[in-house]
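Heads up: the structure comes next, in structure tokens.
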Amino acid sequence: MSSIQNPLLNITPDIVNSIRKIYNLDDPKRLNEAIKILEHWIQKQPHIVKKDFDKRFLETALITCKGSVEKAKKQIDTLCTMKTMVPKFFVPYNLKTELPTALEKVWHIPLPKLTEDYCRIVWIKSFSNDFTPDDLLQFFQYSIILSEYIRAHDYVNGFVIIVDYRDWNMFKLITRMTTPDVQPFINVLIKGYGGRLKSLHIITESKAVELLVATVRQMISEKLGNRIQVHKTIEDLHEVVNKDLLPEEFGGKQKSCEKIQAELVDELSSEKHIEYLKVMSKACTDETKRNTGKFNEEYMGMPGSFRNLTVD
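Next up, the structure:
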């Protein structure tokens, strides 16, 4: 795989090769051997239902795991397991028709240009203070649809997340962060899709942001928690994120969020992507065929609602 053709994500052969070099996967022989190991391992796992993963999916698993085959095995197993344990995150396929509330209330936009260290900037902007638990679930489902798209088409070294909370009631947001879906969702993104967080930037002038940050840090590792930064203004953000990479309405040189969002929604709602989501929904597990001792050891200790789940 020397390049990735995509209408929204500007990935070039040079970017692919540069990221491969970071993890010593630029030797085609070494890369192919690693992918073959993953393919053979999947065939030997009786509990993993899908056996014919695309080579590109396996390669990006290796990239998100910094070239480690063993970590890639665990990530694939974890994502398949989560599709069985929390299926409600993965049910909707058509973003336009099945998740209209999420589209009305929030933008979740991967920006088109990578940072100098090959990270994808993702801009999240909400337009409503009135987020019910069901609205929050729709946002999670929307994020999963996008995550599947990114795993299928993107090639990056990590993510820089920017969350624009300037129009939010921070106390309302904090109460929503305690709903039972939040922790499993974070686990799906980080442990299932391998979303490597390089930094998380929150834009708000609210004094309650310290409580929000403290709440989020309880749900992630200390290492990731230390990557959270708070900015009062867009200008403050420009000091740490190259403004040329941002949309035009936020002082950058990229096309507007509105245009990017419209193109993204059309792409995520395309027949091609809907069919891909249906195929990947089969990448789940049959827990009756799993070594339950190993399962309990690796998954039942996970925080959130995973702790209380049992498998028949």
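Quick note, the working numbering runs 58 ahead of the 1-based positions in the sequence shown. Here a beta-carbon is modelled for each residue, glycine too, at the ideal position from N, C-alpha and C. All values derive from a computational prediction rather than experimental measurement.
Looking only at C342, K336, R348, K330, the smallest Cα-Cα distance to N64 is reached by K330. Of the candidates L255, R285, A210, the residue whose Cα lies closest to the Cα of E333 is A210. Pairing N245 with T155, the inter-Cα distance amounts to about 27 Å.
The closest CA to that of Q312, considering only I202, L169, Y223, G253, is found on L169.
Contact between the region 295–314 and the region 271–283 is absent: fewer than 3 CB-CB pairs across the two stretches fall below 8 Å. With contacts defined by Cβ atoms closer than 8 Å, Q199 and F115 do not form a contacting pair.
Classified as buried, A119 has 16 or more neighbouring CB atoms from the shown chains inside 10 Å of its CB. When the beta-carbon positions are compared, H289 and I261 come within less than 8 Å of each other. The shortest C-alpha to C-alpha distance from L66 to any of L204, P238, G253 is the one to L204. S186 and T350 have their C-alpha atoms spaced approximately 43 Å apart. Secondary structure within the region 200–268: the alpha helix (DSSP H) runs of 4 or more consecutive residues, fully enclosed, are 228–234, 240–245 (chain order). Cα atoms of P104 and T343: separation of roughly 9 Å, rounded to the nearest angstrom. The straight-line gap separating the alpha-carbon atoms of W165 and K108 is approximately 32 Å.
Under a 10 Å Cβ-count criterion, A160 is classified as buried, with 16 or more other Cβ atoms of the shown protein chains found around its own Cβ.
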